[in-house]
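Novice: Starting off with a structure, shown below.
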Amino acid sequence: MILVSNITKNVQTVRERIAHAARLAGRHPDEIVLIAVSKNRSVDEIRSAVAAGITHLGENRVQEAMAKWCEVGSIAAWHMIGTLQTNKAALAMQFTDLIHSLDRPSLAAELARQAVRQGRAVEALVQVNVSGEETKHGLPPTELEPFLEQVAALGGIQVKGLMTIAPEGAPAAVQQSTFSGLRELARRVDRRGLPGISMRWLSMGMSDDFETAIAEGANMVRIGSAIFGNRSYAGGA
Ligand SMILES: *Cc1c(COP(=O)(O)O)cnc(C)c1O
């Protein structure tokens, strides 16, 4: 079991590190949204994080997230950050505020179809595989603009920005070029001015690399273990 006081302290420490990284980059700390990644964590741990001031939660599996949402409700904004199977899109849309993992035409088509059925637009970030790692999901950077044109034409999906994951344990220079690469892609897209496509959010940075991500322009960071403790020792894993 992880202690509640640890979560409180960890949230505070992470916030201080975010603020420090923001100031070093000449940015205001309030620009950066902290998403506490609560996958594999219990509902009690989620409640503790919310009591510590967390207002955004991130989950990577729809069913697990749905079960938690059914228990605690919208005590925070819910972010779907993991790969989304097409047949779970409708379920995810029922309770998530932002999907970070729009990464293929078939998923876009299903989200658009559900948006029509549910009578409301769905908000999503497009996940880009900037580093080109084979194990990573996400669109290749060269396919981003044609994909966004397709999404804009579909309607029903409001793209709010981009998301990426840096290679695990990569040297700082590789992390940095991954994050600056996403920022530059967003800049290029922004100049196009496609309908329904905004580049408001850059979701990048996790426990091990969020300071580098903030230096490169991240304004959403997804942080799990630095808040809830190392996964192998935590209660829920
Ligand atoms: C698990 C996960 C995170 C958080 O990872 P930590 O290293 O525990 O901070 C962030 N983003 C995604 C997509 C994840 O799956």
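The numbering of the sequence shown is the numbering used here, which starts it at 22 and goes up by one. Every residue, glycine too, gets a C-beta built ideally from N, C-alpha and C. Note that the structure is predicted; figures quoted are calculated from it, not measured.
1. Where does K181 fall in DSSP's three states?
2. What does the alpha-carbon distance come out to for the pair G217 and G177?
3. Would you kindly work out how many angstroms separate the C-alpha atoms of I67 and S152, rounded to a whole number?
4. Between the alpha carbons of P126 and V149, how many angstroms are there, rounded?
5. Taking the straight line between their C-alpha atoms, what separation do you get for Q139 and G159?
6. If we count the other Cβ atoms within 10 Å of its Cβ and call it buried at 16 or more, is G182 buried or exposed?
7. Count Cβ pairs between the stretch 34-52 and the stretch 75-92 that sit closer than 8 angstroms; are there 3 or more?
8. With 8 angstroms set as the bound, which would you pick, yes or no: does the beta-carbon of L123 sit closer than that to a beta-carbon of chain B?
9. For ligand 1, enumerate in chain order all residues having a CB closer than 5 angstroms to any of its heavy atoms.
10. For A74, tell me which candidate among Q106, R36, C91 and E170 has the shortest Cα-Cα distance.
11. Name the two residues that bound the continuous alpha helix (DSSP H) containing M69.
12. When the Cα of A174 is compared with those of L78, S122 and A133, which residue comes out closest?
13. Residue ranges of each beta strand (DSSP E) run of no fewer than 3 residues wholly in the stretch 118-187, ordered along the chain?
14. Distance check for N108 and Q196, CA to CA, integer angstroms please.
15. Using the Cα positions of A255 and E164, report the straight-line distance between them to the nearest angstrom.
16. Determine the DSSP secondary structure at S198, reduced to helix, strand or coil.
17. Report, in whole angstroms, the separation of the C-beta atoms of V93 and L123, which I expect to be a contact under 8 angstroms.
18. When DSSP labels each residue in this structure, what does A98 get in the three-state scheme?
19. Grab me the residues of R243's own chain with a C-beta within less than 6 angstroms of its C-beta, minus the 5 sequence neighbours each way, in chain order.
20. With L223 and A236 assumed to form a contact (beta carbons below 8 angstroms), what rounded beta-carbon distance in angstroms separates them?
Specialist: If we stick to the structure as given:
1. For the purposes of this step, residue 181 is taken as residue 160 along the sequence shown, with counting starting at 1. Strand.
2. Walking along the sequence shown from the start, residue 217 turns up at place 196. Walking along the sequence shown from the start, residue 177 turns up at place 156. So the alpha carbons of these two residues sit roughly 9 angstroms apart.
3. Counting from 1 along the sequence shown, the entry for residue 67 is found at position 46. Counting from 1 along the sequence shown, the entry for residue 152 is found at position 131. Distance between the alpha carbons of I67 and S152 is about 31 angstroms.
4. In the sequence shown, counting from the first residue as 1, residue 126 sits at position 105. In the sequence shown, counting from the first residue as 1, residue 149 sits at position 128. Their Cα atoms are separated by approximately 13 angstroms.
5. What you label residue 139 is simply residue 118 of the sequence shown in a count that begins at 1. What you label residue 159 is simply residue 138 of the sequence shown in a count that begins at 1. Answer to the nearest angstrom: the Cα atoms are 26 angstroms apart.
6. Indexing the sequence shown from 1 puts residue 182 at position 161. The residue is buried, with at least 16 neighbouring Cβ atoms inside 10 Å.
7. no
8. No chain B is present in this structure, which holds just one protein chain.
9. V58, N81, I102, M227, S228, R243, I244, G245 and S246
10. Within the sequence shown, residue 74 is the residue found at index 53, counting from 1. As written in the sequence, residue 74 is Gly, which differs from the Ala given in the question. Selected option, being the one with the closest Cα: R36.
11. If you number the sequence shown from 1, residue 69 lands on position 48. Note on identity: in this sequence residue 69 is Ser, with Met being the wrong assignment. Its alpha helix (DSSP H) spans residues V64 to A72.
12. Residue 174 sits at position 153 when you count from the first residue of the sequence shown. Measuring from the Cα of A174, the nearest candidate turns out to be A133.
13. 119-123, 143-148 and 178-184
14. As a position in the sequence shown, residue 196 is number 175, starting the count at 1. As a position in the sequence shown, residue 108 is number 87, starting the count at 1. For Q196 and N108, the distance between alpha carbons rounds to 32 angstroms.
15. For this step, residue 255 is matched to residue 234 along the sequence shown. For this step, residue 164 is matched to residue 143 along the sequence shown. Caution is warranted here: a pLDDT of 43 is assigned to A255, below 50, making its placement in the model unreliable, and no coordinate value can be reported.
16. Against the sequence shown, residue 198 aligns to sequence position 177. Three-state result, S198: helix.
17. Numbered from its first residue, the sequence shown carries residue 93 at position 72. Numbered from its first residue, the sequence shown carries residue 123 at position 102. Not a contact, Cβ separation roughly 25 angstroms.
18. The sequence position of residue 98 within the sequence shown is 77, counting from 1. Strand at A98.
19. As a working note, residue 243 is residue 222 in the sequence shown. These residues qualify, in order along the chain: I56, V58, G79, I102 and M227.
20. As a position in the sequence shown, residue 223 is number 202, starting the count at 1. As a position in the sequence shown, residue 236 is number 215, starting the count at 1. Incorrect: roughly 12 angstroms between the Cβ atoms, too far for contact.
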